[in-house]
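A.B. asks: Please see the structure below; I have some questions.
Protein chains: 2
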Amino acid sequence: MTSAATVRRRARGNKFEERRRELADAALLALADLGYARASLRTIAEHTEFSHGLLHYYFADKIDLITYCVQRYKAACVQRYDSLVAEASTPGQLANACGDGLAEALGDAPLMHRLWYDLRIQSMFEDTFRKEVAEIDESLQQMLWRNVRAYADLSEGTPSCSPEDAYALFDGLFQQALLRYLAGTETAQDDLRHGIRTLLPRLVD
Amino acid sequence: MTSAATVRRRARGNKFEERRRELADAALLALADLGYARASLRTIAEHTEFSHGLLHYYFADKIDLITYCVQRYKAACVQRYDSLVAEASTPGQLANACGDGLAEALGDAPLMHRLWYDLRIQSMFEDTFRKEVAEIDESLQQMLWRNVRAYADLSEGTPSCSPEDAYALFDGLFQQALLRYLAGTETAQDDLRHGIRTLLPRLVD
DNA sequence: CGCGATCTCGGACACTTGTCAAGATTTTTT
DNA sequence: AAAAAATCTTGACAAGTGTCCGAGATCGCG
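Here the protein sequences line up with chains A and B, keeping their order. In terms of the numbering used here, the first sequence opens at residue -15 and continues consecutively. In terms of the numbering used here, the second sequence opens at residue -15 and continues consecutively.
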């Protein structure tokens, strides 16, 4: 038997959780603009339509808010990336799709990727996000490894490096491309595309 | 003819510059401990033997201090790395030396590398360090490219990717290894060594 | 409608921040 | 040794920070 109080609490919980998401999504945009070092609850609030008191009402403190934002980001991120594992029938097609996908992701939401790298670095200084960041990193690694395995299958070979190394290599290319993209280098996306296309064949024997 | 005033000014300049270096070196250690987001002039001063007013006497403001620290870091960095380009007579030796050198650099000063990555990310948010960071990045890239070329020569082949991509790939491996190292993964250094050794042959034809 | 629960705002608080300046101390010059 | 210049300390200031709270506004249900 579910009591009225329980139902009401659950309803409140749903509503509460919904509002939290709403605030976190707005805060995430502000965070992406500012970066961790320059983000205070007040400036975040100023960048949104909400008051700073409201943020404190829905989030215990600043760490709670940012942690929640990071988790929201993860959800958006894997969803976006997973649609990237397109259906391709030749190795070349897959390599192209992979390069195009990452280049598009770069140009589409550079500020979000910048924030991601920022938070990943911060996790090396503070252990508050460390767990969440590690989880995101691992899910990205798995996402990428699916691509490498698919490429190996299509080219009738086997991957010649670990999932960790494969992810590190792709991530290196992406981060460097992001740096150049934000510094105004026009060819950043094309360079990334080319880099990915040539990297993939190197990872299978 | 050099006037007395000129000489005195130069003497003062030397002394002044010397003291600046001294303060910056101490501040650099504090910065590496704290990270950019948590570093204030006062907390930096508390981590050293100097007063916060003294920092302000030798540096116009916080940005001036950090910029100077970054440049000091560069000097230490290229000096350290360049001794890494050891003399090797076979490709295998060079690959091993390269892997060992980077793994050692990782275990030797992980906090400095952490700071470097932090500042590189911050340069994507603020354009104050952007020039200095880009210069360091380029000098690191050149350092690494010398290794790749040397490896190509020894194995009687030619590099099959751009200096930018080569640097991005190595940097990706290193950064991921640093993340794991600081998270307490015991095998981080060995993994890095292995990753480097297997990456190098993939970059030449 | 009315009333209690929930939500929202804006201000108050204690504290930290960057910056600065007036004086104390040391070094250098005359 | 006196004067001048430099080095350094200490404390003050305004602005910004995280946190908390109380008074309205709004909502949901009897």
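Glycine included, C-beta positions come from ideal geometry on N, C-alpha and C.
Between residue 184 (chain B) and chain A, is the shortest Cβ-Cβ distance under 8 Å, so that the two count as touching?
C.D. replies: To locate residue 184 (chain B), count along the second sequence from 1; it is residue 200. So, not an interface residue.
A.B. asks: Does residue 108 (chain A) have its Cβ less than 8 Å from a Cβ in chain B?
C.D. replies: Indexing the first sequence from 1 puts residue 108 (chain A) at position 124. Taking Cβ atoms only, chain B reaches closer than 8 Å to residue 108 (chain A), which makes this a yes.
A.B. asks: If you draw a straight line from the alpha carbon of residue 128 (chain B) to that of residue 64 (chain A), how long is it in whole angstroms?
C.D. replies: For this step, residue 128 (chain B) is matched to residue 144 along the second sequence. For this step, residue 64 (chain A) is matched to residue 80 along the first sequence. Going from the Cα of residue 128 (chain B) to the Cα of residue 64 (chain A) covers about 34 Å.
A.B. asks: At a Cβ threshold of 8 Å, is residue 122 (chain B) touching chain A?
C.D. replies: Within the second sequence, numbered from 1, the residue matching residue 122 (chain B) stands at position 138. So no, residue 122 (chain B) is outside the interface.
A.B. asks: Using the three-state DSSP reduction, which class does residue 155 (chain A) fall into: helix, strand or coil?
C.D. replies: As a working mapping, residue 155 (chain A) is identified with position 171 in the first sequence. Reduced to three states, the DSSP call for residue 155 (chain A) is helix.
A.B. asks: Taking the CB atoms as reference points, tell me whether residue 54 (chain A) and residue 2 (chain A) lie closer together than 8 Å.
C.D. replies: Here the question's residue 54 (chain A) lines up with position 70 in the first sequence. Here the question's residue 2 (chain A) lines up with position 18 in the first sequence. No, the pair does not count as a contact, with Cβ atoms beyond the cut-off.
A.B. asks: For residue 47 (chain A) and chain B, any beta-carbon pair shorter than 8 Å?
C.D. replies: Taking the first residue of the first sequence as 1, we reach residue 47 (chain A) at position 63. No, because no Cβ of chain B sits closer than 8 Å to the Cβ of residue 47 (chain A).
A.B. asks: Once you ignore the five residues that flank residue 84 (chain B) on each side, which residues in its own chain have a CB closer than 7 Å to its CB?
C.D. replies: Numbered from 1 along the second sequence, position 100 holds the residue referred to as residue 84 (chain B). Around residue 84 (chain B): 177.
A.B. asks: State the Cα-Cα distance for the pair residue 16 (chain B) and residue 113 (chain B), rounded to the nearest angstrom.
C.D. replies: Here residue 16 (chain B) is taken as the residue at index 32 of the second sequence, counted from 1. Here residue 113 (chain B) is taken as the residue at index 129 of the second sequence, counted from 1. Rounded to whole angstroms, residue 16 (chain B) to residue 113 (chain B) spans 16 Å at the Cα level.
A.B. asks: Please determine, among A:12, A:151 and A:138, the residue with the shortest C-alpha to C-alpha distance to residue 48 (chain A).
C.D. replies: Position 64 of the first sequence, counting from 1, holds the residue named residue 48 (chain A). Ranking A:12, A:151 and A:138 by Cα distance to residue 48 (chain A) puts A:12 first.
A.B. asks: Return the chain-ordered list of same chain residues with a C-beta closer than 7 Å to the C-beta of residue 179 (chain B), the five sequence neighbours on each side being excluded.
C.D. replies: The residue you call residue 179 (chain B) lines up with position 195 of the second sequence. Within the same chain, residue 179 (chain B) has close Cβ partners 157.
A.B. asks: Could you tell me the alpha carbon to alpha carbon distance between residue -15 (chain B) and residue 9 (chain B), rounded to whole angstroms?
C.D. replies: Residue mapping note: residue -15 (chain B) aligns to position 1 of the second sequence, counting from 1. Residue mapping note: residue 9 (chain B) aligns to position 25 of the second sequence, counting from 1. Model confidence at residue -15 (chain B) stands at a pLDDT of 31, short of 50, so the residue's coordinates are unreliable and nothing is read from them.
A.B. asks: Quick one: which unbroken alpha helix (DSSP H) runs of 4-plus residues sit fully inside the stretch 27 to 88 of chain B? Chain order, please.
C.D. replies: The qualifying runs are 36 to 42 and 46 to 66.
A.B. asks: Taking residue 22 (chain A) as the query, report the chain B residues whose CB atoms sit under 9 Å from its CB, ordered along the chain.
C.D. replies: As a working mapping, residue 22 (chain A) is identified with position 38 in the first sequence. Correct list: 21, 109 and 110.
A.B. asks: Please report the distance separating the alpha-carbon of residue 71 (chain A) from that of residue 137 (chain A).
C.D. replies: If you number the first sequence from 1, residue 71 (chain A) lands on position 87. If you number the first sequence from 1, residue 137 (chain A) lands on position 153. Their Cα atoms are separated by approximately 13 Å.
A.B. asks: Does any residue of chain B have a CB that is nearer than 8 Å to the CB of residue 157 (chain A)?
C.D. replies: If you number the first sequence from 1, residue 157 (chain A) lands on position 173. Residue 157 (chain A) counts as touching chain B.
A.B. asks: Pull out every residue of the stretch 126 to 156 of chain B whose Cβ sits closer than 9 Å to any Cβ of chain A, in chain order.
C.D. replies: Taking 9 Å as the Cβ-Cβ cut-off against chain A, the residues of the stretch 126 to 156 of chain B that qualify are 144, 145, 146, 148, 149, 151, 152, 153, 154, 155 and 156.
A.B. asks: Across the stretch 75 to 95 of chain A and the stretch 32 to 42 of chain A, are there enough close Cβ pairs to call them in contact, namely three or more that are closer than 8 Å?
C.D. replies: Output reads no: the stretch 32 to 42 of chain A does not touch the stretch 75 to 95 of chain A.
A.B. asks: Cutting at 7 Å between CB atoms, please list the residues of its own chain near residue 155 (chain A), excluding the five before and the five after it.
C.D. replies: For the purposes of this step, residue 155 (chain A) is identified with residue 171 of the first sequence, where counting begins at 1. Counting only Cβ-Cβ distances below 7 Å, and skipping sequence neighbours, we find nothing.
A.B. asks: Starting from the Cα of residue 123 (chain B), find the closest Cα among B:98, B:34, B:62 and B:26 and give me that residue.
C.D. replies: In the second sequence, the residue the question calls residue 123 (chain B) occupies position 139. Answer by Cα proximity: B:62.
A.B. asks: In chain B, which residues lie less than 7 Å from residue 101 (chain A) when you measure between Cβ atoms?
C.D. replies: Against the first sequence, residue 101 (chain A) aligns to sequence position 117. Result: 105.
A.B. asks: List the residues of chain A whose Cβ lies closer than 8 Å to the Cβ of residue 98 (chain B), in chain order.
C.D. replies: Looking up residue 98 (chain B) in the second sequence gives position 114. Neighbours of residue 98 (chain B) on chain A, chain order: 105, 108 and 109.
A.B. asks: With 8 Å set as the bound, which would you pick, yes or no: does the beta-carbon of residue 166 (chain A) sit closer than that to a beta-carbon of chain B?
C.D. replies: Taking the first residue of the first sequence as 1, we reach residue 166 (chain A) at position 182. With 8 Å as the cut-off, residue 166 (chain A) counts as an interface residue toward chain B.
A.B. asks: Using CA coordinates, which residue listed in B:131, B:125, B:51 and B:189 is at the minimum distance from residue 78 (chain B)?
C.D. replies: Walking along the second sequence from the start, residue 78 (chain B) turns up at place 94. Comparing Cα positions, the closest option is B:131.
A.B. asks: Report the neighbours of residue 175 (chain A) on chain B: residues whose CB is nearer than 9 Å to its CB, in chain order.
C.D. replies: Taking the first sequence and counting its residues from 1, the one referred to as residue 175 (chain A) is at position 191. Within chain B, the residues near residue 175 (chain A) are 146, 148 and 149.
A.B. asks: If you compare alpha carbons, which of B:165, B:188, B:183 and B:175 is closest to residue 92 (chain B)?
C.D. replies: Here the question's residue 92 (chain B) lines up with position 108 in the second sequence. Nearest option by C-alpha distance: B:165.
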